[in-house]
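K.L.:
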Amino acid sequence: MEISLFDKCIFEFLGTMVMILLGDGVCAACTLEKSKAKGAGWIVITMAWGFAVMCGVFIAGPYSGAHLNPAVSLGLAIAGKFAWAELLPYAVAQMLGGFCGALLVYVFYQDHFKATTDNPDGLLGLFCTMPAIEHKSVNLLSEFIATCVLVFIILALGTQGNAASVSGAAVSTGSLGAFPVTGLIMALGMSLGGTTGYAMNPARDLGPRIVHSLLPLKGKRDSGWGYSWVPVAGPLAGAAIAAGLFLIIY
3 MEISLFDKCI
13 FEFLGTMVMI
23 LLGDGVCAAC
33 TLEKSKAKGA
43 GWIVITMAWG
53 FAVMCGVFIA
63 GPYSGAHLNP
73 AVSLGLAIAG
83 KFAWAELLPY
93 AVAQMLGGFC
103 GALLVYVFYQ
113 DHFKATTDNP
123 DGLLGLFCTM
133 PAIEHKSVNL
143 LSEFIATCVL
153 VFIILALGTQ
163 GNAASVSGAA
173 VSTGSLGAFP
183 VTGLIMALGM
193 SLGGTTGYAM
203 NPARDLGPRI
213 VHSLLPLKGK
223 RDSGWGYSWV
233 PVAGPLAGAA
243 IAAGLFLIIY
């Protein structure tokens with residue numbers, strides 16, 4: 003059965019929404035007052051983000067390829083593994099999924115948001131990324147390198163020798179491979195996430211940032227719009243270079 007572009011976009015939306023619900027959800031759990039997980043720390047956050055991506059891939063993988071990220075879609079298109087005509091619809095679906103996932107986090111934790119009135123940076127940080135040390139050129143490089151590694155390894159996972167098979171038949175858990183990508187996200191977060199929070203995904207950052215700007219949160223700060231271009235430009239550039247390197251090497 004052929005899957006329409008509309009259906010693919012629906013699954014990109016759903017997969018991205020669940021990914022952000024669980025990913026921003028763990029940030030909320032570790033940040034908000036009176037949460038049982040408050041202060042659980044970076045290891046919990048990076049592990050949960052890995053599992054959040056895994057869940058999104060399980061939802062969308064069989065139908066859309068589970069890009070869940072405009073940068074991944076761009077990289078796959080440059081590498082010749084995704085149709086250019088589908089790039090913009092996918093990106094729109096992913097952005098909407100990121101927005102709705104972040105909104106669900108607010109609905110879920112609404113009482114805890116009300117109890118958190120003196121942590122403006124934390125309130126912003128649970129929705130989107132901000133750098134530990136703001137130095138935009140270096141922050142841009144961090145996002146560029148992290149996303150370049152992400153997309154290059156995703157592409158490498160599909161090469162002969164890495165693709166799983168049983169008796170010569172390909173075996174897939176979502177077209178990008180849910181379990182390897184889970185480990186990849188955890189590794190990137192633990193190793194390269196300390197500078198900027200490893201957005202690596204415009205839909206993961208911009209959609210939730212818009213939600214933060216719209217919500218009537220007590221004691222919230224501005225939404226960091228002066229920095230917001232970094233987790234968009236860095237990942238897109240990193241994905242493009244990763245795809246180019248992949249074409250050269252493989």
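Residue numbering for the sequence shown follows this note's numbering, beginning at 3 and increasing consecutively.
By construction, the Cβ of each residue, glycine as well, lies at the ideal position given by its N, Cα and C atoms.
All values derive from a computational prediction rather than experimental measurement.
In the DSSP assignment, find the alpha helix (DSSP H) that holds N164 and state where it starts and stops.
P.N.:
Element bounds for N164: n/a, residue is neither H nor E.
K.L.:
Report yes if the CB atom of E88 is closer than 8 Å to the CB atom of L7, and no otherwise.
P.N.:
In this structure, L7 lies closer than 8 Å to E88 by Cβ.
K.L.:
Contact between the stretch 133-147 and the stretch 230-245: three or more CB pairs below 8 Å?
P.N.:
Contact holds: three or more Cβ-Cβ distances are below 8 Å.
K.L.:
Drop a sphere of 10 angstroms on the beta-carbon of P237, count the other beta-carbons inside from all chains shown, and report buried for 16 or more, exposed for fewer.
P.N.:
Answer is buried; the Cβ neighbour count reaches 16.
K.L.:
Within 8 Å, do at least three Cβ pairs link the stretch 27-35 to the stretch 10-19?
P.N.:
Because the criterion of three Cβ pairs below 8 Å is not met, the stretch 10-19 and the stretch 27-35 do not touch.
K.L.:
For the stretch 90-165, list the alpha helix (DSSP H) runs that are entirely contained and at least 4 residues long, ordered along the chain.
P.N.:
Correct list: 112-117, 122-127 and 138-159.
K.L.:
Quick one: what does DSSP say I5 is sitting in, helix, strand or coil?
P.N.:
In this structure, I5 counts as coil in the three-state DSSP scheme.
K.L.:
With H, G and I counted as helix, E and B as strand and the rest as coil, what does DSSP make of T175?
P.N.:
Because T175 sits at a pLDDT of 40, beneath the cut-off of 50, its placement in the model cannot be relied upon, and the following sentence gives the value as read from the coordinates. Looking at T175 - three-state DSSP - the assignment turns out to be coil, as it is neither helix nor strand.
K.L.:
Taking the alpha-carbon of T119 as reference, which of A242, F248 and K222 has the nearest alpha-carbon?
P.N.:
Minimum Cα distance to T119 is reached at K222.
K.L.:
Do Q112 and L70 have their C-beta atoms within less than 8 Å of each other?
P.N.:
It is not a contact, given that the beta carbons lie outside the stated cut-off.
K.L.:
Within 10 angstroms of its Cβ, does N203 collect 16 or more other Cβ (buried), or is it exposed?
P.N.:
Buried: at least 16 other Cβ atoms inside 10 Å.
K.L.:
According to the neighbour-count rule (16 or more other Cβ atoms, all chains shown, within 10 Å of its Cβ), is L76 buried or exposed?
P.N.:
Classification of L76: buried, given that the 10 Å Cβ count is 16 or more.
K.L.:
Which whole-angstrom value describes the C-beta separation of T149 and A241, a residue pair presumed to lie in contact below a C-beta threshold of 8 Å?
P.N.:
Confirmed, about 6 Å.
K.L.:
On the criterion of 16 or more Cβ atoms from any shown chain inside 10 Å, does M19 qualify as buried, or is it exposed?
P.N.:
By the 10 Å Cβ count, M19 comes out buried.
K.L.:
Counting beta carbon pairs with one atom in the stretch 188-197 and one in the stretch 205-222, are three or more of them shorter than 8 Å?
P.N.:
Contact between the stretch 205-222 and the stretch 188-197 is absent, because fewer than three Cβ pairs lie under 8 Å.
K.L.:
How long is the line joining the alpha carbons of V109 and A134, rounded to whole angstroms?
P.N.:
Cα-Cα distance, rounded: 27 Å.
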